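Peer 1: The sequence shown begins at 46 in this note's numbering and counts up one residue at a time. We put the beta carbon where it would ideally sit given N, CA and C, even for glycine. From a predicted model like this one, the values you see are computed outputs, not experimental measurements. Quick one: structure below, then a few questions.
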Amino acid sequence: MTTALRPGHVHPVQIHFEDLDAMGVVHNARYVLLLERALAGYWASRGWSFDPSEPHFADLFFVVREFSVTYHAPIAKVGEASVHFWVEHLGTTSLVYGFRVLSADMSVVHAEGRRVQVKLDPATLRPAPISPALREAVGPLLCPVP
Numbered sequence: 046m047t048t049a050l051r052p053g054h055v056h057p058v059q060i061h062f063e064d065l066d067a068m069g070v071v072h073n074a075r076y077v078l079l080l081e082r083a084l085a086g087y088w089a090s091r092g093w094s095f096d097p098s099e100p101h102f103a104d105l106f107f108v109v110r111e112f113s114v115t116y117h118a119p120i121a122k123v124g125e126a127s128v129h130f131w132v133e134h135l136g137t138t139s140l141v142y143g144f145r146v147l148s149a150d151m152s153v154v155h156a157e158g159r160r161v162q163v164k165l166d167p168a169t170l171r172p173a174p175i176s177p178a179l180r181e182a183v184g185p186l187l188c189p190v191p
């Protein structure tokens with residue numbers, strides 16, 4: 046599988062010993078956490094903290110509606126990997142991330158998938174519009190699926 050990159054962002058993540066399963070490879074459920082680590086690092090470095098005491102917290106109140114992963118090659122060691130992610134769709138109340146988990150040198154695609162998130166109003170837990178400020182911040186990640 047080719048590792049040609051589309052627009053978006055590549056963020057380094059650490060593979061920890063506890064990410065490995067009994068066979069010594071990254072457990073399938075940990076790929077969700079690898080994407081989470083990359084997204085949290087990306088947004089925090091841009092001033093969008095997931096801390097409830099921060100002013101942007103309500104803008105980041107999203108829940109995952111769907112998550113799918115296709116696995117290509119196991120990761121069989123601790124150390125660094127890369128997560129390449131982008132936004133395929135930005136709707137009124139939702140967005141869709143595409144992602145690939147790559148080797149640190151980006152020569153191997155370990156897994157790829159997508160994550161659909163819905164923005165909720167923290168008070169009502171009902172879908173709410175994505176704020177103009179967050180829409181602007183998402184802009185550099187936009188890469189619609191052809």
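(1) His117 to Val70, Cα distance in whole Å?
(2) Can you give the beta carbon distance from Val128 to Phe144, rounded, assuming they're within the 8 Å contact cut?
(3) Taking the alpha helix (DSSP H) that Phe91 falls in, what are its first and last residues?
(4) Can you tell me where the beta strand (DSSP E) holding Val141 begins and where it ends?
(5) In this structure, does DSSP put Leu102 in helix, strand or coil?
(6) Select from Val183, Ala149 and Leu79 the residue whose C-alpha is nearest the C-alpha of His134.
(7) Tell me whether Arg82 sits in a helix, a strand or coil according to DSSP, three-state version.
(8) How is Arg51 classed by DSSP in three states: helix, strand or coil?
Peer 2: For this structure:
(1) 13 Å
(2) 6 Å
(3) Looking at the sequence shown, residue 91 is not Phe but Arg. Premise fails: Arg91 is in no alpha helix (DSSP H) and is neither H nor E.
(4) Ser139 to Ser148
(5) Note that residue 102 corresponds to Phe in the displayed sequence, not to Leu. Note: Phe102 maps to helix in three-state DSSP.
(6) Val183
(7) helix
(8) coil
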